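First residue of the sequence shown: 31, per the working numbering; consecutive thereafter. Note that CB positions come from ideal geometry on N, CA and C, so glycine has one too. Computed from a predicted structure; not experimentally measured. These notes concern the structure reproduced below.
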Amino acid sequence: MEKRKDFLPYGLPFITEKEVEEVSNVIRSGWWSKGPKTMEFEKKFAEYVGAKHAIALNSCTAALHLALVAKGIGPGDEVITTSMSFTSTSNTILHAGATPVFADIDESTGLIDPAEIERHITPRTKAIVPVHYAGQACDMDAIHAIAEKHGLFVSEDAAHAVSATYKGQLIGGGEKCQAASFSFYATKNLATGEGGMLTTNDDELAERARVLSLHGMDRNAWNRYQKGGSWHYDVVAPGFKYNMTDIAAALGLCQLELLPQMQEIRERYAAIYDDAFSRLNAITLQRQVPYGRNARHLYYIRVQEDKLTIDRNEFIEKLSAYNIGTSVHFIPIHLHPYYQEHLGTKEGDYPKAEHFYSQIISLPLYPSMTEEDIKYVAMSVGEIAEKYAK
Ligand SMILES: *Cc1c(COP(=O)(O)O)cnc(C)c1O
Numbered sequence: 031m032e033k034r035k036d037f038l039p040y041g042l043p044f045i046t047e048k049e050v051e052e053v054s055n056v057i058r059s060g061w062w063s064k065g066p067k068t069m070e071f072e073k074k075f076a077e078y079v080g081a082k083h084a085i086a087l088n089s090c091t092a093a094l095h096l097a098l099v100a101k102g103i104g105p106g107d108e109v110i111t112t113s114m115s116f117t118s119t120s121n122t123i124l125h126a127g128a129t130p131v132f133a134d135i136d137e138s139t140g141l142i143d144p145a146e147i148e149r150h151i152t153p154r155t156k157a158i159v160p161v162h163y164a165g166q167a168c169d170m171d172a173i174h175a176i177a178e179k180h181g182l183f184v185s186e187d188a189a190h191a192v193s194a195t196y197k198g199q200l201i202g203g204g205e206k207c208q209a210a211s212f213s214f215y216a217t218k219n220l221a222t223g224e225g226g227m228l229t230t231n232d233d234e235l236a237e238r239a240r241v242l243s244l245h246g247m248d249r250n251a252w253n254r255y256q257k258g259g260s261w262h263y264d265v266v267a268p269g270f271k272y273n274m275t276d277i278a279a280a281l282g283l284c285q286l287e288l289l290p291q292m293q294e295i296r297e298r299y300a301a302i303y304d305d306a307f308s309r310l311n312a313i314t315l316q317r318q319v320p321y322g323r324n325a326r327h328l329y330y331i332r333v334q335e336d337k338l339t340i341d342r343n344e345f346i347e348k349l350s351a352y353n354i355g356t357s358v359h360f361i362p363i364h365l366h367p368y369y370q371e372h373l374g375t376k377e378g379d380y381p382k383a384e385h386f387y388s389q390i391i392s393l394p395l396y397p398s399m400t401e402e403d404i405k406y407v408a409m410s411v412g413e414i415a416e417k418y419a420k
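Structure, rendered in structure tokens:
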């Protein structure tokens, strides 16, 4: 097969003329910070997922942090999460002053294993931060049952889960959802460059998170600078500067409209990959959970080291020679130097996450790719797997 001349990037956003136009309108309007567009985006996002409240923020990291702080999680508390995530999942637990405690995964899905959560509960455990890894929901009934039994707060890291469902309910909505944090980072399924959203059905949590997201002031700038608005505000907590801008919200509103179309393309492309790779015995695919829709945020393959003469790193290099950009999601958090030095975690602590990590490669999957791009990646993976088969 002939190798392509141009490089296929790992991720790119999906942009239409409407985005360009809407952002230009906001810039011309003169109201760039949090204002009417942000509020409209919050309202539409809340309606979309079926949540009572949605608070637009400048990142998912901000949302994860706020959820914990607004719930009063702090020094002395332990929060159970997964090591198979982006570092902000556990960094934000540290930002809140609490201690992250990792639980191992189910290797067939990369998702946190509820039995492992249960095993790590102590009298200091106050919350669980499950991650809907790659776009599939965690086993939320099992996690909620553990949380109820021990009186724990559940803050879902939904960075990969815009449009994912659990038993027919979109992630971030529904009665059981206490807090969910979404990411609108440039490579995520719904992108605003930088951005995030915290959804919740808890009125008190929403109110606190809202105040904390803007310096701990009891009234936001839009209210203060509107005609008839008062200049006065009270600072009721040492809050943060976490609000979204109207420029980002204008992108978010366009992307929310495009979401069904983008999701359809992701699913169609993922099916092409699935079909091509199911024939390769050196490649293992993500197990599809029976209880929900996969948002198909990440498409990863697991390279079976015992069936190939090359390892995962070499496989990535071979793909790079085909001009294909890839990534690895994620380096287990407990292996990063800071965590090893400050939490005393070490290699061998979470064998499943470590083994999973040694096998995974994330392939490009995004709606602005063409079907030819997808087929090219599929054929390249196939050629490499066959050439280096044991
Ligand atoms: C991207 C990501 C985040 C952080 O999102 P930001 O919007 O960049 O702060 C958190 N958790 C996971 C699992 C992610 O992939």
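Reducing DSSP to helix, strand and coil, say where residue i ends up.
| i | result |
| --- | --- |
| residue 307 | helix |
| residue 332 | strand |
| residue 84 | strand |
| residue 260 | coil |
| residue 357 | strand |
| residue 131 | strand |
| residue 232 | coil |
| residue 370 | helix |
| residue 20 | Residue 20 lies beyond the range of the chain shown here (31 to 420); nothing can be said about it. |
| residue 295 | helix |
| residue 215 | strand |
| residue 314 | strand |
| residue 319 | coil |
| residue 96 | helix |
| residue 200 | strand |
| residue 343 | helix |
| residue 101 | coil |
| residue 90 | helix |
| residue 284 | helix |
| residue 409 | helix |
By DSSP's criteria, residue i is part of a beta bridge. Which residues make up the other side?
| i | result |
| --- | --- |
| residue 157 | 109 and 183 |
| residue 289 | Partner(s): none; residue 289 has no beta bridge. |
| residue 225 | Beta-bridge pairing links residue 225 to no other residue. |
| residue 142 | 135 |
| residue 391 | 331 |
| residue 271 | 244 |
| residue 210 | 186 and 229 |
| residue 338 | 419 |
| residue 265 | 247 |
| residue 38 | 354 |
Just to check, is the beta-carbon of residue i closer than 6 Å to a non-hydrogen atom of ligand 1?
| i | result |
| --- | --- |
| residue 118 | yes |
| residue 325 | no |
| residue 161 | yes |
| residue 408 | no |
| residue 97 | no |
| residue 90 | yes |
| residue 215 | yes |
| residue 189 | yes |
| residue 243 | no |
| residue 223 | no |
| residue 181 | no |
| residue 392 | no |
| residue 226 | yes |
| residue 193 | no |
Sorry if obvious, but does the Cβ on residue i come closer than 6 Å to a heavy atom of ligand 2?
| i | result |
| --- | --- |
| residue 115 | Ligands in the displayed structure: ligand 1; ligand 2 is not one of them. |
Original post:
Are three or more beta carbon pairs between the stretch 158-173 and the stretch 135-148 nearer than 8 Å?
Top reply: yes
Original post:
Okay, do the stretch 312-321 and the stretch 369-377 touch, 3+ Cβ pairs below 8 Å being the bar?
Top reply: no
Original post:
Should the stretch 177-196 be regarded as contacting the stretch 92-100, the criterion being three or more beta carbon pairs within less than 8 Å?
Top reply: yes
Original post:
Within the chosen definition, does the stretch 228-248 reach the stretch 337-354 through at least 3 CB pairs nearer than 8 Å?
Top reply: The stretch 228-248, when compared against the stretch 337-354, does not touch it at the 8 Å Cβ threshold.
Original post:
Counting Cβ pairs, one atom from each stretch, are 3 or more of them under 8 Å apart for the stretch 66-84 and the stretch 124-137?
Top reply: no
Original post:
Are the stretch 384-396 and the stretch 327-334 touching by the rule of at least three beta carbon pairs closer than 8 Å?
Top reply: In this structure the stretch 384-396 lies against the stretch 327-334, because at least three pairs of beta carbons, one per stretch, are closer than 8 Å.
Original post:
Counting pairs of beta carbons, one from the stretch 52-59 and one from the stretch 186-194, are three or more of them closer than 8 Å?
Top reply: no
**OP:** Decide if the stretch 291-304 is in contact with the stretch 260-279; the criterion is three or more beta carbon pairs, one per stretch, under 8 Å apart.
**Re:** No contact exists between the stretch 291-304 and the stretch 260-279.
Original post:
Quick one: any contact between the stretch 108-121 and the stretch 232-250, if contact means 3 or more CB pairs under 8 Å?
Top reply: Two segments are said to touch when three or more pairs of C-beta atoms, one from each, lie closer than 8 Å; by this definition the stretch 108-121 does not touch the stretch 232-250.
Original post:
Just checking, does the stretch 357-371 make contact with the stretch 209-216 on the three C-beta pairs under 8 Å criterion?
Top reply: With the cut-off at 8 Å, the stretch 357-371 and the stretch 209-216 do not touch.
Original post:
Any chance the stretch 330-350 sits against the stretch 308-316, with 3 or more Cβ pairs inside 8 Å?
Top reply: Contact holds: three or more Cβ-Cβ distances are below 8 Å.
Original post:
Using 8 Å as the Cβ pair cut-off and three pairs as the minimum, do the stretch 163-179 and the stretch 63-73 touch?
Top reply: no
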